[in-house]
Amino acid sequence: MSEGRFSTAGAAGTRLTISRWLLFLVLGAFVLVYLTPFYVMISTSLKSLDEIRVGSMLAWPETLTVASWAKAWGSACVGIQCDGVKPFFWNSVQITAPAVVISTLLGAINGYVLTKWRFRFDNIVFALILFGCFIPFQVVLLPMARVLGILGLSGSVGGLVLVHIVYGIGFTTLFFRNFYITVPSELVKAATIDGAGFLTIFTKIMLPLSLPIIVVTVIWQFTQIWNDFLFGVSFSAGGGQPITVALNNIVNSSTGVKEYNLDMAAAIIAGLPTLLVYVFAGRYFVRGLTAGSVKG
Amino acid sequence: MHKWLQDHLPKIVLAPSFAMVVVFVYGFIAWTAYISFTNSKLLPRYQFEGLLQYRKLWEMDRWHVALDNLFVFSALFILFCMAIGLLLAILLDQRIRIEGALRTIYLYPMALSFIVTGTAWKWILNPGLGIEKAVRELGFENFEFNWLVDPEFAIYTIVIAGVWQSSGFVMAIFLAGLRSIDDEIIKAAYIDGANLPRIYLRIIIPSMRATFLSAFIVLAHLAIKSFDLIVVLTRGGPGYATDMPATFMYAMAFSRGRIGLAAASATIMIITVMAIIIPYLYSELRSKRHE
Chain A
1 MSEGRFSTAG AAGTRLTISR WLLFLVLGAF VLVYLTPFYV MISTSLKSLD
51 EIRVGSMLAW PETLTVASWA KAWGSACVGI QCDGVKPFFW NSVQITAPAV
101 VISTLLGAIN GYVLTKWRFR FDNIVFALIL FGCFIPFQVV LLPMARVLGI
151 LGLSGSVGGL VLVHIVYGIG FTTLFFRNFY ITVPSELVKA ATIDGAGFLT
201 IFTKIMLPLS LPIIVVTVIW QFTQIWNDFL FGVSFSAGGG QPITVALNNI
251 VNSSTGVKEY NLDMAAAIIA GLPTLLVYVF AGRYFVRGLT AGSVKG
Chain B
297 MHKWLQDHLP KIVLAPSFAM VVVFVYGFIA WTAYISFTNS KLLPRYQFEG
347 LLQYRKLWEM DRWHVALDNL FVFSALFILF CMAIGLLLAI LLDQRIRIEG
397 ALRTIYLYPM ALSFIVTGTA WKWILNPGLG IEKAVRELGF ENFEFNWLVD
447 PEFAIYTIVI AGVWQSSGFV MAIFLAGLRS IDDEIIKAAY IDGANLPRIY
497 LRIIIPSMRA TFLSAFIVLA HLAIKSFDLI VVLTRGGPGY ATDMPATFMY
547 AMAFSRGRIG LAAASATIMI ITVMAIIIPY LYSELRSKRH E
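Those sequence lines, one after another, are chains A and B. Those letters in the first sequence? Residues 1 to 296, per our numbering, in order. Those letters in the second sequence? Residues 297 to 587, per our numbering, in order.
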């Protein structure tokens, strides 16, 4: 189907143009609404504190300075530690990278089994896994804290990796299952007749077909885990915190002079990785978003 | 042996994930639910005490504030997200050449953490520096906009930031729904002389019931889970004026040392989510089997 529909709308010329103008006016107003906070973040991060106090929120800085960016990255105080958000940025990288890879792999193999090697009650198994996507995580915080303690992973990057893998499986399995269900089962049957086993079919037939869904899943997981705050704030401590927690500590610190330009610079640094992924691979991000919601 | 392995390999590779889900989702829910029936404070105790914590919960003003806030927030959040999402989706469905660019702009907040966007909103809504100051500088000296620090109105600032963040997402859901409607029906209506608003009101929107339901489920479940945005914008304050069950539970569990109470509030949360999600998942999985 073509984009948009009413190409043959037969209304008279002038009325059409007026409604067209109105249409763009409304769409443009919403563009402003959505972009203003981002604009304010960037312009504020480039202002000096004096200019922030005197000038308007919406004004572009008179003298551009990247001082607060440098400070946010390398020397701002997060709690008692004054090394900027840099170490926390790397914590987030260390948490996100393994958790994304492992949860995606598990999702791929689960989706493969659930669609191509069906067994009794497989639908129930899938439903049970899927339900994990929807729980409010408050309900697992207390036991998780204890289990991480028992495993010796309290407050560590490893503990958060484990948490994100466990609670990521639901979505990754959903994505791959819904994708593999569209791959013809005859393909698998034919391969079985040719003598290919379970793993050979997965690595030689299924995985090569899976590039699009792998991209969708990796982007989804990356965004979710990078942006996580609840698990980060519950299960990490001191120097092991992810960047979202560090950012919140900066923004909500009550000591000293409030440096808004610093807050904004730190926020942009924290948001940059997922924003870049969105700008360059937005199509796949949106597919994950709608797949995760519409096709429950 | 080899044959047995070949036959059972699929289940064996699925087993670790399934075991993790059983323990970390269902086992943990059961543990939390059990603890909610005990008198656990700083440390868990396993002696059964019945509904003690639930009685305490309902005697707490703070819990009632949290429930009221959840109700107000959810209602407004869902309503505004749906209205804006539907409006934008319909407008974008009118053969707009720059649709791709507009969609990208409307949806980018979803790629960002609430902590990041909340930082921006905290600043924009700050009475001394943000909107209030900007409007006063335009000449409206008496303009006031101090909702962020007003216990009565602070909850609405969370609605504003929440709607801003999520309405583009709802637009994407609705746009997908609009695009899946059969063109023939609409063409037929045109030939019958129906005009555009009428076609939307009478034909397109009623046929999108499933899309509305999905959007509602997603939004309701986002609303119940709201945590990050409250923490960064108001930290539940002023006082506990903007507490919601998610922040209430966190405060009881990690700063007040009242595990039993925290478990009880978490149990209420999961029951609420289950009441919404289970019928939905059930009907989704069922309808798929019948396809």
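The beta carbon of each residue, even a glycine, is placed where N, CA and C say it ideally should be.
Taking all protein chains shown into account, decide if B/Ile574 is buried (16 or more other Cβ within 10 angstroms of its Cβ) or exposed. B/Ile574 should be labelled exposed.
Using DSSP with H/G/I as helix, E/B as strand and the rest coil, what is B/Phe344? In the structure shown, B/Phe344 adopts extended strand secondary structure according to DSSP, grouped into three states.
State the Cα-Cα distance for the pair B/Gly553 and A/Leu142, rounded to the nearest angstrom. So the alpha carbons of these two residues sit roughly 11 Å apart.
Indicate the three-state DSSP secondary structure (helix, strand or coil) for A/Thr240 in the structure shown. Note on identity: in this sequence residue 240 of chain A is Gly, with Thr being the wrong assignment. Correct three-state label for A/Gly240: helix.
Assess, as a yes-or-no matter, whether the segment 33 to 43 of chain A is touched by the segment 445 to 464 of chain B under the definition of 3 or more beta carbon pairs within less than 8 Å. Inter-segment contact for the segment 445 to 464 of chain B and the segment 33 to 43 of chain A is present: three or more beta-carbon pairs are separated by less than 8 Å.
Please confirm if B/Phe439 has its CB atom under 8 Å from at least one CB of chain A. Judged by the 8 Å Cβ criterion, B/Phe439 is not in contact with chain A.
For the alpha helix (DSSP H) that A/Leu187 lies in, which residues bound it at each end? Following the DSSP letters along the chain, one finds A/Leu187 inside the alpha helix (DSSP H) bounded by residues Ser185 to Ile193.
Could you pull the start and end residues of the alpha helix (DSSP H) that A/Gly159 belongs to? Counting along the chain, the alpha helix (DSSP H) containing A/Gly159 begins and ends at Val157 to Tyr180.
Helix, strand or coil for A/Gln81, going by three-state DSSP, please let me know. Looking at A/Gln81 - three-state DSSP - the assignment turns out to be strand.
Any C-beta of chain C sitting closer than 8 Å to the C-beta of B/Glu355? Protein chains A and B are contained in the structure displayed, whereas chain C is not.
Among A/Asp194, A/Phe179 and A/Ile225, nearest to A/Leu211 - alpha-carbon criterion: Residue A/Phe179 is the option with its Cα nearest to A/Leu211.
Cβ of B/Val368 within 8 Å of Cβ of B/Asp539? No, the pair does not count as a contact, with Cβ atoms beyond the cut-off.
Taking beta-carbon pairs under 9 Å, can you tell me which members of the segment 505 to 538 of chain B lie near chain A? Hits within the stretch, in order: Ala506, Thr507, Ser510, Ala511, Ile513, Val514, His517, Ile520, Lys521, Phe523, Asp524, Val527, Val528 and Arg531.
Between the segment 111 to 130 of chain A and chain B, which residues of the former have a C-beta closer than 7 Å to a C-beta of the latter? Within the segment 111 to 130 of chain A, those residues whose Cβ lies closer than 7 Å to any Cβ of chain B are, in chain order, Val113, Trp117, Phe119, Asn123, Val125, Ala127, Leu128, Ile129 and Leu130.
Going by the DSSP bridge assignment, what does B/Thr334 pair with across the sheet? Paired residues: B/Phe344.
Excluding five sequence neighbours on each side, which residues of the same chain lie with their C-beta closer than 7 Å to the C-beta of B/Ala549? Counting only residues of its own chain and dropping the five nearest sequence neighbours on each side, B/Ala549 has a CB closer than 7 Å to the CB of Ile555 and Ala558.
What does the Cβ neighbour count give for A/Trp21, buried or exposed, with the cut at 16 atoms within 10 Å? Taking all protein chains shown into account, A/Trp21 has fewer than 16 neighbouring C-beta atoms within 10 Å of its C-beta and is therefore exposed.
Please report the straight-line C-alpha distance between A/Tyr304 and B/Leu403, rounded to a whole angstrom. With chain A covering only 1 through 296, there is no way to say anything about residue 304 of chain A.
Using three-state DSSP, classify A/Asn261 as helix, strand or coil. Here A/Asn261 sits in helix by DSSP.
If B/Leu408 sits next to B/Asn422, beta carbons under 8 Å apart, how far is it from one beta carbon to the other, in whole angstroms? That pair is no contact at about 19 Å.
Beta carbon of A/Thr44 nearer than 8 Å to that of A/Asn252: Result no, Cβ atoms of A/Thr44 and A/Asn252 do not sit closer than 8 Å.
Give a yes or no on whether the minimum CB-CB distance between B/Glu587 and chain A is below 8 Å. With a pLDDT of only 44 at B/Glu587, under 50, the local geometry of the prediction cannot be trusted, and no value is derived from it.
Just checking: is the beta-carbon of B/Glu345 within a distance shorter than 8 Å of some beta-carbon in chain A? It does not: the Cβ of B/Glu345 has no partner Cβ on chain A nearer than 8 Å.
Would you say A/Ile102 lies against chain B (beta-carbon separation less than 8 Å)? It does not: the Cβ of A/Ile102 has no partner Cβ on chain B nearer than 8 Å.
Note down, in chain order, every chain B residue with its Cβ under 8 Å from the Cβ of A/Ala191. Those within 8 Å of A/Ala191 in chain B number zero; the least Cβ separation is about 14 Å.
What number of angstroms, rounded off, separates the C-alpha of A/Ser236 from the C-alpha of A/Phe88? Roughly 11 Å separates the two Cα atoms.
What are the boundary residues of the alpha helix (DSSP H) that B/Met602 is part of? Outside the shown range of chain B (297 to 587) lies residue 602 of chain B, about which nothing can therefore be said.
Go ahead and pull the three-state DSSP assignment for B/Cys377. Correct three-state label for B/Cys377: helix.
Opening and closing residue of the alpha helix (DSSP H) in which B/Phe465 lies: Note, B/Phe465: alpha helix (DSSP H), Ala450 to Arg475.
Please tell me whether B/Leu366 and B/Ile520 are closer than 8 Å, where the distance is taken between their beta carbons. Less than 8 Å separates the beta-carbon of B/Leu366 from that of B/Ile520.
Under 7 Å by beta carbon: chain A residues contacting B/Phe550: Per Cβ cutoff of 7 Å: Ser234.
Please list, in chain order, all residues of the same chain as A/Ser7 whose beta carbon is under 6 Å from its beta carbon, the five residues on each side excluded. Caution is warranted here: a pLDDT of 44 is assigned to A/Ser7, below 50, making its placement in the model unreliable, and the coordinate value is therefore given only provisionally. Cβ neighbours of A/Ser7 beyond the five flanking positions: none.
Exposed or buried, A/Thr200, counting other C-beta atoms within 10 Å across all chains shown (16 or more means buried)? The residue in question, A/Thr200, is exposed, as its Cβ has fewer than 16 Cβ neighbours within 10 Å.
Residues within the segment 34 to 46 of chain A neighbouring chain B, beta-carbon criterion of under 9 Å: So the list reads Tyr34, Leu35, Thr36, Pro37, Phe38, Val40, Met41 and Thr44, given in the order they occur along the chain.
Give the secondary structure of A/Thr63 by DSSP, where H, G and I count as helix, E and B as strand, and everything else as coil. It is coil, neither helix nor strand.
Go ahead and pull the three-state DSSP assignment for B/Tyr578. Secondary structure at B/Tyr578: helix, using DSSP grouped into helix, strand and coil.
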